[in-house]
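Everything below concerns the one structure shown next.
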Amino acid sequence: MGGGGGDRRWLAREVRVYRALLFIYPPEFRRAFGAEMTQAFRDGLRDAFDAGGVLSALGWYLRGMADLAGVALGLCGSHLARLVGLTAEHPDTVAATQVASQGGRMHAKSGGVMRLLIGRTRMVARPSFQQVPPEDLARFTGRARRSITLAREEARGLGHHYIGTEHLLLGLLAEGGGIAARALAALGVEREAARARVEHIIGQRDAVIEGEPPLTQRASRVIELAMIEAWRLKHPYIGTEHLLLGLLAEGEGIAAGVLEKCGLQLEQVRAKVLELLPPPPEVPPCALPWLPI
Amino acid sequence: MAGAQTTDEMTRVVSARQAAVETLLPLTPATFHILLALSGGERHGYAIMREVAERTEGKTRLGPGTLYRSISRLLADGMIEATEERPDPALDDERRHYYRLTPFGLRVAEAEAERLARLVEEARARRLLPGGARPALGGV
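From first to last, the protein sequence lines stand for chains A and B.
Take 273 as the starting number for the first sequence in the working numbering and just add one per residue.
Take 1486 as the starting number for the second sequence in the working numbering and just add one per residue.
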């Protein structure tokens, strides 16, 4: 096959995401079949890739994820409810539990559900994305990558030892050309003003930052959420718009606070981003239905 | 592994179900496809998925979630059983569970096939399929 190691690496990445998402299955089911499901998903992804390249693999990936989510909802509405119930103080719990117990569709209130799921997943899964290694960035667009690099610069410039959600937001604004920046500009968020608010909240330090400041836990989660947002929107790439949607879905970082200080509702920003999205692409050549249970 | 039921348990499940093949019918399409694939011999999960896709020329595809959800039910109902793990020489040397029909599972599959055949006969008799009797069309 023509794909080099890079292609194989993103296959491996997607398989890791799949394995992590298995957390939504009841533990006994997962223990019995989780490894085999991951194995089958990986084999299919690899064969689809070998047979038809990236598009075919993407089709397999999307169908596999839809199948994973659909079966999980059918299988374990109560398990999901129990799962989200673990974080009972969370304001989204009520909505999420309702969705889960109705076996409703993921996207109905998915911000909350997915956020909680991802939150839980991270606790069980490996602490990835502490640093985003280059091969994991393969699916990120140039602008998204640049905005993360710029986030790092912003962190350095402010003398911060880490990249938090606030730096991701500043990075998106500094990048300037992506959908995220356009949405924020349309809502009147300016880079200088936002940076001033960050400085006001955190303060500037004189420290000289050597090496690469790492992503905070929350910023890592934002990037995972960005990948989930891209998956939900059926976008094969991760752009600045997904990073911003990830920031909004995470909802509790300093970035969210900055936006709220700018007089914006997170929902409003989300709506603006969705408004600016390009029209959906042609359906990948794999719209054949999975069998229902 | 959920399939590692003891022989005793399996026997109990089978004998409890023996008189009641009919109560398991109709099977879901996914379940029947899996039994069909296993009627050709032992298969591991991914081989089942591939065979179903090939047999239906890609029109029917089982996702891993759907597949293992069905497999867990089939195991619990004693229709299939899991073998010890072993590698698939054609794929790689990773160890996999293979699944096979139990005698009970075979009977259920046969009963479902008969049910479907009767349905097809019915369709043929009503001329929804070629090759059946020719019932009169009303008034013609």
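Each residue gets a CB set at the ideal place from its N, CA and C atoms; glycine is no exception.
- Listed by position along chain B, the residues whose Cβ is nearer than 9 Å to that of leucine 340 of chain A are Gly1548, Pro1549 and Gly1550.
- Interface flag for isoleucine 1565 of chain B against chain A is unset, since no Cβ pair is found closer than 9 Å.
- In the DSSP assignment, tyrosine 1531 of chain B falls outside any beta strand (DSSP E) and within the unbroken alpha helix (DSSP H) covering 1530-1540.
- A residue is called buried when at least 16 other Cβ atoms come within 10 angstroms of its Cβ; histidine 472 of chain A does not meet this threshold and is exposed.
- In the three-state scheme derived from DSSP, where H, G and I count as helix and E and B as strand, glutamate 1527 of chain B is classed as coil.
- Contact annotation: in the segment 1567-1583 of chain B, residues whose CB is within less than 8 Å of a CB in chain A are Leu1576, Glu1579, Arg1581 and His1582.
- With respect to arginine 1571 of chain B, valine 1506 of chain B sits apart: the two C-beta atoms are not nearer than 9 Å.
- Glutamate 532 of chain A and glutamine 476 of chain A have their C-alpha atoms spaced approximately 21 Å apart.
- Take the alpha-carbon of glycine 325 of chain A and the one of phenylalanine 313 of chain A: they are about 16 Å apart.
- Alanine 1515 of chain B carries a helical assignment under DSSP once its states are collapsed to helix, strand and coil.
- A residue is called buried once 16 or more other Cβ atoms fall within 10 Å of its Cβ, and tyrosine 290 of chain A is buried on that count.
- Partner residues in a beta bridge of proline 551 of chain A, as assigned by DSSP, do not exist.
- By the neighbour-count criterion, in which 16 or more other beta carbons inside 10 Å mark a residue as buried, glutamate 426 of chain A falls on the buried side.
- Of the residues A/Leu283, A/Phe295 and A/Arg288, the one whose Cα lies closest to the Cα of arginine 318 of chain A is A/Leu283.
- The beta carbon of serine 419 of chain A sits closer than 6 Å to the beta carbons of Gly443, Leu444, Glu447 and Thr512 from its chain, once the five residues preceding and following it are set aside; these are given in chain order.
- Not one beta carbon of chain B lies nearer than 9 Å to the beta carbon of arginine 504 of chain A.
- Threonine 1568 of chain B has its alpha-carbon roughly 14 Å from the corresponding atom of phenylalanine 305 of chain A.
- DSSP places tyrosine 1583 of chain B within a strand segment (E or B) once states are collapsed to three.
- The beta carbon of glycine 1530 of chain B sits closer than 9 Å to some beta carbon of chain A.
- With contacts defined by Cβ atoms closer than 9 Å, arginine 493 of chain A and glycine 436 of chain A do not form a contacting pair.
- In this structure, leucine 1559 of chain B places its C-beta atom within 9 Å of the C-beta atom of leucine 1520 of chain B.
- Interface flag for valine 287 of chain A against chain B is unset, since no Cβ pair is found closer than 9 Å.
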